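Data first, discussion second: the structure below is written as structure tokens.
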Amino acid sequence: MLRHLLSGIQFLTIVPCGRTSTFDAGRTTPFFPVVGLVIGLLLATIDYAAAFFWERSAIAVIDVLVLVLISGALHLDGLADTADGLYGQRTPDRALEIMKDSRIGSIGMVAVTCCLAVKWAGLHGLQSDRFFWLLLVPAFARASILFGTRLLPYGRPNGTGHPFFQRPLRLVDFWGVLLLFSLALLLTGWHAALAAAAFALLVAAVLVYYRLKINCITGDMLGAMVEICEAGLFLFLSAIRGAI
């Protein structure tokens, strides 16, 4: 169990965890929400410490940088490739071909810039239960990967993300999502229901869009969904700060 958690941390972050045995994608994926909590704990701690030295707008910049650096820009790269591939009226094969290209296009650059700007706005405006949401939102975002791998077929049989789809996720593999929702409920009370609803809408919207565009998903598209959920949740939670 610890081995799969460490594998997940190594895969989704730049945090060194020593050597682990052979990477088992199917058994590691259920731990992604827990990996998100590790990322969130680091983010929340740095945010708390930064508050002693800087004002809110500067702290929001630091938070955005932490999220980018801790993941090695892994998901942002996926967002850029996905935006380049899915923008416009392209055939599924052509979209997949463009996403495979390592070069970033103008649409990808715009998507990354907008995503970072939305995160900054959300982090700047986040007030109520700030420490708790900084802990939880990265976990919600990475929990979206489980739904993506479960609900859409993989688009590249020989792609690097294929191991994550070889073993279909079962309902029991969503224990990390249940743990996350339970923790959110414990820390934020009924406000967790608002976050859960926003999360569900974001995931559903992204997956429906993917299905309509190319009827499959790739590793890049999973990364894009992580970024969209993270930015969207931060913005949503900051927008309703008066209500919560």
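To convert a position in the sequence shown, counted from 1, into the numbering used here, add 952.
Beta carbons: idealized from backbone N, C-alpha and C, even for Gly.
Keep in mind it's a predicted model, so treat the numbers as computed, not measured.
Roughly how many angstroms separate the alpha carbons of ILE1196 and ALA1144, rounded to a whole number?
Because ILE1196 sits at a pLDDT of 46, beneath the cut-off of 50, its placement in the model cannot be relied upon, and the following sentence gives the value as read from the coordinates. ILE1196 and ALA1144: Cα-Cα distance of roughly 10 Å.
I'd like to check one pair, SER1009 with THR980: are the Cβ atoms closer than 8 Å?
Their beta carbons are not under 8 Å apart, which means THR980 does not touch SER1009 by this criterion.
Three or more beta-carbon pairs under 8 Å between the stretch 1171 to 1186 and the stretch 1021 to 1033, yes or no?
The stretch 1171 to 1186 vs the stretch 1021 to 1033: in contact.
I believe PHE1133 touches CYS1181 by the beta-carbon criterion, under 8 Å. Please report the beta-carbon distance rounded to the nearest angstrom.
Their Cβ separation, rounded to whole angstroms, is 14 Å, which puts PHE1133 and CYS1181 out of contact at 8 Å.
Three-state secondary structure (DSSP) at TYR1106?
Under the three-state reduction of DSSP, TYR1106 is assigned to strand.
If we ignore side chains and look at the alpha-carbon of each, how far apart do ILE1022 and VAL967 end up?
Cα to Cα, the separation comes out at about 7 Å.
Terminal residues of the continuous alpha helix (DSSP H) containing MET1051?
Note, MET1051: alpha helix (DSSP H), 1044 to 1052.
Quick check on the DSSP output: the alpha helix (DSSP H) that includes SER1080 runs from which residue to which?
From DSSP, SER1080 is part of no alpha helix (DSSP H); its letter is neither H nor E.
With distances taken between CB atoms, is the gap from VAL1089 to PHE1004 smaller than 8 Å?
No.
Whole angstroms are fine: how far does the CA of LEU995 sit from the CA of ALA1002?
When rounded, the distance between both Cα atoms is 10 Å.
I believe THR1112 touches GLY1171 by the beta-carbon criterion, under 8 Å. Please report the beta-carbon distance rounded to the nearest angstrom.
Between GLY1171 and THR1112 the Cβ distance is about 6 Å, and since that is below 8 Å, they are a contact.
Run through DSSP, which three-state label would ILE1169 get?
Correct three-state label for ILE1169: strand.
Backbone CA spacing between CYS1168 and LEU1153 [nearest angstrom]:
So the alpha carbons of these two residues sit roughly 19 Å apart.
If you compare alpha carbons, which of ARG1082, ILE1097, SER1096, LEU1135 is closest to ILE1192?
It is ARG1082.
If we ignore side chains and look at the alpha-carbon of each, how far apart do SER1054 and LEU1038 end up?
In a straight line, the C-alpha of SER1054 is about 15 Å away from that of LEU1038.
Assuming GLY1100 and LEU1048 are in contact, meaning their beta carbons sit under 8 Å apart, how far apart are those beta carbons, in whole angstroms?
The beta carbons of GLY1100 and LEU1048 sit about 16 Å from each other, so the pair does not count as a contact at 8 Å.
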